[in-house]
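Trainee: From first to last, the protein sequence lines stand for chains A and B. Here the first sequence is numbered in the working numbering, starting from 1 and rising by one per residue. Here the second sequence is numbered in the working numbering, starting from 306 and rising by one per residue. Positions of the beta carbon are idealized from the N, C-alpha and C atoms, including for glycine. These numbers come from a predicted model, not from an experiment.
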Amino acid sequence: MQRAVRRRRKADQPPLALIYGLLLAPAAFLVTFNYIPAFSALYHAFTEWDIGGESTWVGLANFRALTGDPVFHKSIVNVAKLGIFAFATHLTVPFVVAEMIFHLKSERWRYFCRVAVVLPMIVPGVVTFMLWSYIYSDAGILTELLVRLHLHDWVRGWLSDPKTALWAVAFVGFPFAGGFNVLIYYAGLTNIPGSVLEAAELDGLSAPGRILRMHIPLILQQVKLLVVMTMIGVVNGFESIYILTMDGGPGYETTVPGLYMYLNGFSYQRMGLACAIGLLMLLFLLAFTLSLNRFIRTEDYEPEV
Amino acid sequence: MRAASTEKRTRQLVGVLWRAALALILLLTFFPFGFMVMTSFKDTHQFYHTFWLPAWPVHLENYTGALADMQAYIANSIFVTAVSISGILVFGAIAGFLFARYRFLGREYIYYGMIAMMMIPGVLLLVPSFLWVKQLRLLDSYAVMILPYISGGQILGIYLLRGFFSQIDNDLFEAAQVDGAGLLRQLWHVGLPLAKPVLGVVAIVSALSVWNQFMWPLVTTSSEDVMVLTVGMLRYNTRVGGQYGRMFAGYTVSAIPLGILFLLTTRVFMKGITAGALKA
Chain A
1 MQRAVRRRRK
11 ADQPPLALIY
21 GLLLAPAAFL
31 VTFNYIPAFS
41 ALYHAFTEWD
51 IGGESTWVGL
61 ANFRALTGDP
71 VFHKSIVNVA
81 KLGIFAFATH
91 LTVPFVVAEM
101 IFHLKSERWR
111 YFCRVAVVLP
121 MIVPGVVTFM
131 LWSYIYSDAG
141 ILTELLVRLH
151 LHDWVRGWLS
161 DPKTALWAVA
171 FVGFPFAGGF
181 NVLIYYAGLT
191 NIPGSVLEAA
201 ELDGLSAPGR
211 ILRMHIPLIL
221 QQVKLLVVMT
231 MIGVVNGFES
241 IYILTMDGGP
251 GYETTVPGLY
261 MYLNGFSYQR
271 MGLACAIGLL
281 MLLFLLAFTL
291 SLNRFIRTED
301 YEPEV
Chain B
306 MRAASTEKRT
316 RQLVGVLWRA
326 ALALILLLTF
336 FPFGFMVMTS
346 FKDTHQFYHT
356 FWLPAWPVHL
366 ENYTGALADM
376 QAYIANSIFV
386 TAVSISGILV
396 FGAIAGFLFA
406 RYRFLGREYI
416 YYGMIAMMMI
426 PGVLLLVPSF
436 LWVKQLRLLD
446 SYAVMILPYI
456 SGGQILGIYL
466 LRGFFSQIDN
476 DLFEAAQVDG
486 AGLLRQLWHV
496 GLPLAKPVLG
506 VVAIVSALSV
516 WNQFMWPLVT
526 TSSEDVMVLT
536 VGMLRYNTRV
546 GGQYGRMFAG
556 YTVSAIPLGI
566 LFLLTTRVFM
576 KGITAGALKA
C-alpha cells in the first residue's frame with residue numbers, strides 16, 4: 001500500500017508552480033493577519049507605542065513598569081482566584097453530569113441530555129453575559145429571590161460592592177454544566193472499552209469505586225485537555241468582565257490581565273505596555289501547556305470527525 | 306434473600322436520586338434562559354407585578370420592536386459568517402489536499418508554519434492587530450472582520466482536511482486521473498464529495514467561532530452599516546434600557562439564527578463543538 005502510493009505519486013505529480021501558486025493565498029493571509037501582528041507584538045513589547053503608530057525602543061522598561069504596577073499585581077491576584085474557582089467548578093460539575101448521562105439506561109435519554117447541555121450555546125456568549133448582568137442588577141432575579149425569601153439584609157449591588165464583585169463574575173454560568181466540557185468528558189467515557197467496564201463489574205467494584213479507580217484514570221486525556229482549555233479560557237477571557245463591569249471595577253476588584261491589556265491599549269493609549277502584557281500572558285500559557293504535557297503524558301486528543 | 310432485595314432497593318433509590326440530581330442541574334442551567342423567554346412577552350407593568358410567572362396578555366410588539374432594531378445587525382452577522390466560512394472551506398480544502406497528496410520542497414515547513422499559529426490566541430494580539438489593520442486602512446469595513454477570520458479559521462480546516470485526505474485510498478483518484486482530470490478536478494469531483502462530513506464539522510466550528518466574535522469587531526468597527534450582532538447588542542441594550550420585555554425579546558431573537566442552524570444540523574453541530582477543542 002505504502003509503496004503503491006509512493007510510486008504513483010511520482011507519475012501524478014502536478015507542476016510545482018501550480019502547487020505553490022495554490023498555497024500562495026492561504027499563506028499570504030496567514031502572514032498578513034497572523035504572523036505580522038505576532039511579530040509586531042513581540043517587537044513593540046519593548047517600545048513605547050502611540051496610537052499614531054510612532055514607536056521608540058525602551059528596552060525592558062515596560063516589563064519593569066509592570067513589576068512595580070499595583071494594578072497589574074491586583075489583576076494577577078484576581079485572575080488566580082478566578083482560575084482556582086474555575087478549576088474547582090468547570091472541571092468537576094461537567095464530569096458529574098457526564099457520568100450521570102453515561103449511566104442512563106436508554107440511549108434516547110442519553111442523546112436528549114447531551115442535546116440539552118449543548119442547547120444554551122445557541123445564545124451568543126455576549127448575550128449570556130448580558131443576561132447575567134441582568135441577574136445581578138437591582139431588578140434582577142437574585143435580588144427578587146432574596147426579597148421573596150425575606151432576606152432583605154442580603155440584598156446588595158452584587159457587581160458594585162467590592163466584597164462581592166469578583167464572586168459575581170466567578171458565578172457567571174452557574175451551575176457550570178458547560179456543554180463543551182460535558183461532551184468532552186462524555187466522549188472519554190464512551191471510549192472506555194465495554195470489556196473493561198464488564199470486568200470491573202464482575203470484580204465487584206461498587207459504582208463509586210468504578211468511577212474513581214477506573215473512569216478517571218481512563219479519561220486522563222480528556223481531563224488534561226479540559227485543564228488546558230480552562231486555563232486558556234481563564235487567562236484570555238475578559239469578555240464577561242467587560243460586559244459585567246466595563247472597566248474592571250469597583251476600583252480594580254474585577255480587573256484581570258486581559259482586561260488591563262485592553263484598557264492600556266484602547267483607553268490609556270499605552271500600546272507598548274499592552275503588547276508587553278499580552279506577551280507575558282502568552283509566555284505563561286505556553287509554559288503551562290508544555291509543563292503539563294511533560295508531567296501528564298497522554299496521547300494527543302483527536303476528535304471524531 | 307432479604308439482603309438481596311434490600312440491596313436492590315438501595316440501588317433503585319440511588320438510581321432515582323441520581324436522575325433527580327441530573328434533572329435539577331439541567332433545570333438550573335436552563336432557568337436564566339427560560340426566564341428570558343418568559344419575560345420577553347411582558348410589558349414593564351407585568352414585569353414588576355408578575356415577576357415569577359408568565360403574564361397575560363402576551364406582548365408580541367416586543368418582538369416586532371426587537372426585530373426592527375436588530376435586523377441590520379443580524380444581516381451583517383450572517384453575511385460576515387457566510388463569507389468567512391466559504392473562504393475557510395476553500396482554503397482548507399485546497400491546502401489540506403495539497404499537503405496530503407503531493408510532495409514538494411518545503412512541504413512540512415510550510416505546513417507546520419501554518420499550524421503553529423494555532424498556538425497563539427488571537428485576543429492576545431488585539432492591540433498590534435488593531436494598529437496593523439488601521440495602517441492597512443481596513444477599519445470599519447466587512448473586510449476587517451472577514452479577512453482575519455479566514456486567516457485564523459483556515460488553520461483548523463487545513464489540519465482536519467489534511468488528516469482526512471491522507472487517509473483516503475489513492476486508487477479512488479486514479480480513475481479520475483486516467484480520465485485526464487487535473488489536480489483541481491480531482492479535488493472537486495472525488496475529494497470533496499468524500500470529505501463532506503469533515504467539511505460540515507469545519508463549517509460548524511467556524512460558524513460558532515465567527516458568530517461569537519466580540520472584542521475584535523468591537524474595536525475595529527463603529528458604523529451601523531457593518532456592525533455585527535454581538536457589538537450591536539451593546540447599543541440595543543442602551544436603547545431599550547429599563548424596558549425589560551423589549552430587552553429580553555432582543556436577547557431571545559439573538560439566539561434564533563444559531564438555533565435554526567442547530568435544528569438543521571444537530572448531529573454535526575454537536576461533533577463540531579468537540580472538534581473545536583483542537584484550537585487549544
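Could you check whether the Cβ of A560/B sits closer than 8 Å to any Cβ belonging to chain A?
Mentor: Yes, its Cβ sits closer than 8 Å to a Cβ of chain A.
Trainee: Among V515/B, L539/B and L394/B, which residue has its Cα nearest to the Cα of I299/B?
Mentor: This structure does not reach residue 299/B, given that chain B is present from 306 up to 585, and the question cannot be answered.
Trainee: With respect to the alpha helix (DSSP H) encompassing W109/A, which residues constitute its N-terminal and C-terminal limits?
Mentor: Start and end: E107 to V118.
Trainee: So, helix, strand or coil for S345/B, using DSSP?
Mentor: Looking at S345/B - three-state DSSP - the assignment turns out to be coil, as it is neither helix nor strand.
Trainee: Do we get a CB-CB distance below 8 Å when we pair Y262/A with the residues of chain B?
Mentor: Yes, Y262/A lies at the interface with chain B (some Cβ there is under 8 Å from its Cβ).
Trainee: Counting along the chain, where does the alpha helix (DSSP H) carrying T557/B start and finish?
Mentor: Segment Y549 to L569, the alpha helix (DSSP H) holding T557/B.
Trainee: Which residues in the same chain have their Cβ closer than 6 Å to the Cβ of G248/A, if we skip the five residues on either side of it in sequence?
Mentor: So the list reads T254, T255 and L259, once near-sequence residues are dropped.
Trainee: What number of angstroms, rounded off, separates the C-alpha of L142/A from the C-alpha of T557/B?
Mentor: Using only the alpha carbons, I get a separation of about 20 Å.
Trainee: Across which residues does DSSP place S55/A in a beta bridge pair?
Mentor: In the DSSP output, where bridge partners are listed per residue, S55/A has W49/A.
Trainee: Chain B beta carbons: is any one of them nearer than 8 Å to that of Q13/A?
Mentor: Q13/A counts as touching chain B.
Trainee: Give me the chain A residues within the contact set of I379/B, using Cβ-Cβ distance strictly less than 7 Å, ordered along the chain.
Mentor: Near I379/B there are no residues of chain A at all, since even the closest Cβ is about 11 Å away, more than 7 Å.
Trainee: Report all residues from its chain with a CB closer than 7 Å to the CB of R9/A; omit the five preceding and five following residues, and keep chain order.
Mentor: Bear in mind that the predicted position of R9/A carries a pLDDT of just 49, short of 50, making it unreliable; the figure below should be weighed with that in mind. Result list for R9/A: empty, nothing under 7 Å.
Trainee: Using only the alpha-carbon positions, how far apart do S391/B and P562/B sit?
Mentor: Cα to Cα, the separation comes out at about 18 Å.
Trainee: Which term fits L332/B, buried or exposed, when burial requires 16 or more other beta carbons within 10 angstroms of its beta carbon?
Mentor: Exposed, by the Cβ-count rule.
Trainee: I'd like to check one pair, L444/B with T535/B: are the Cβ atoms closer than 8 Å?
Mentor: The answer is no: Cβ separation not under 8 Å.
Trainee: Measuring only the C-alpha atoms, how far is G265/A from M419/B?
Mentor: Between G265/A and M419/B, the C-alpha separation is close to 27 Å.
Trainee: Mind listing the chain A neighbours of L499/B? Cutoff is C-beta to C-beta under 8 Å, in chain order.
Mentor: Simply none; closest approach about 13 Å.
Trainee: Is H73/A helix, strand or coil by DSSP?
Mentor: In the structure shown, H73/A sits in a helix (DSSP, three-state: H, G or I).
Trainee: I'd like the span of the alpha helix (DSSP H) that includes L431/B, first residue to last.
Mentor: Where L431/B is concerned, the enclosing alpha helix (DSSP H) stretches over L431 to Q440.
Trainee: Quick one: residues in its chain with C-beta nearer than 6 Å to the C-beta of A4/A, no 5 flanking neighbours on either side, listed in chain order?
Mentor: Note that A4/A scores a pLDDT of 49, beneath 50, so its modelled location is shaky; the value from the coordinates is reported in the next line. Excluding sequence neighbours, A4/A sits near nothing in its chain.
Trainee: Which chain A residues sit within Cβ distance under 8 Å of M419/B?
Mentor: Going along chain A in sequence order, the residues near M419/B (Cβ under 8 Å) are P26, A27 and L30.
Trainee: For R406/B, which of helix, strand or coil comes out of DSSP?
Mentor: R406/B falls in the helix class under three-state DSSP.
Trainee: For the alpha helix (DSSP H) containing P502/B, name the first residue and the last one.
Mentor: Element bounds for P502/B: K501 to N517.
Trainee: Quick one: grab the DSSP three-state call for I425/B.
Mentor: Residue state, collapsed to three classes: coil.
Trainee: Of all Cβ atoms in chain B, is any one closer than 8 Å to the Cβ of G68/A?
Mentor: No, G68/A does not count as interfacial toward chain B.
Trainee: Taking Cβ positions only, does I184/A come closer than 8 Å to chain B?
Mentor: Answer yes: the Cβ-Cβ gap between I184/A and chain B drops below 8 Å somewhere.
Trainee: Just by C-beta distance, which residues in the segment 531-546 of chain B are closer than 9 Å to chain A?
Mentor: Result list: L534, T535, V536, M538, L539 and N542.
Trainee: Can you pull the chain A residues whose beta carbon is under 8 Å from the beta carbon of Q440/B, in chain order?
Mentor: What Q440/B touches in chain A: G53.
Trainee: Any idea what DSSP makes of W132/A, helix, strand or coil?
Mentor: Helix.
Trainee: Nearest to P250/A by CA position, among V31/A, L91/A and T164/A, is which residue?
Mentor: Ranking V31/A, L91/A and T164/A by Cα distance to P250/A puts T164/A first.
Trainee: Is the CB-CB distance between L22/A and L403/B below 8 Å?
Mentor: Cβ atoms of L22/A and L403/B: closer than 8 Å.
Trainee: Determine contact between the segment 109-125 of chain A and the segment 176-189 of chain A, defined as no fewer than three beta-carbon pairs at a distance below 8 Å.
Mentor: Contact between the segment 109-125 of chain A and the segment 176-189 of chain A is present, because at least three Cβ pairs lie under 8 Å.
Trainee: Run the CB neighbour count on M281/A, radius 10 Å, all protein chains shown included, and call it buried at 16 or more, exposed below.
Mentor: M281/A should be labelled buried.
Trainee: Going by beta-carbon coordinates alone, are H364/B and G550/B separated by less than 8 Å?
Mentor: Their beta carbons are under 8 Å apart, which means H364/B touches G550/B by this criterion.
Trainee: How about W493/B and I36/A: are their beta carbons less than 8 Å apart?
Mentor: Result no, Cβ atoms of W493/B and I36/A do not sit closer than 8 Å.
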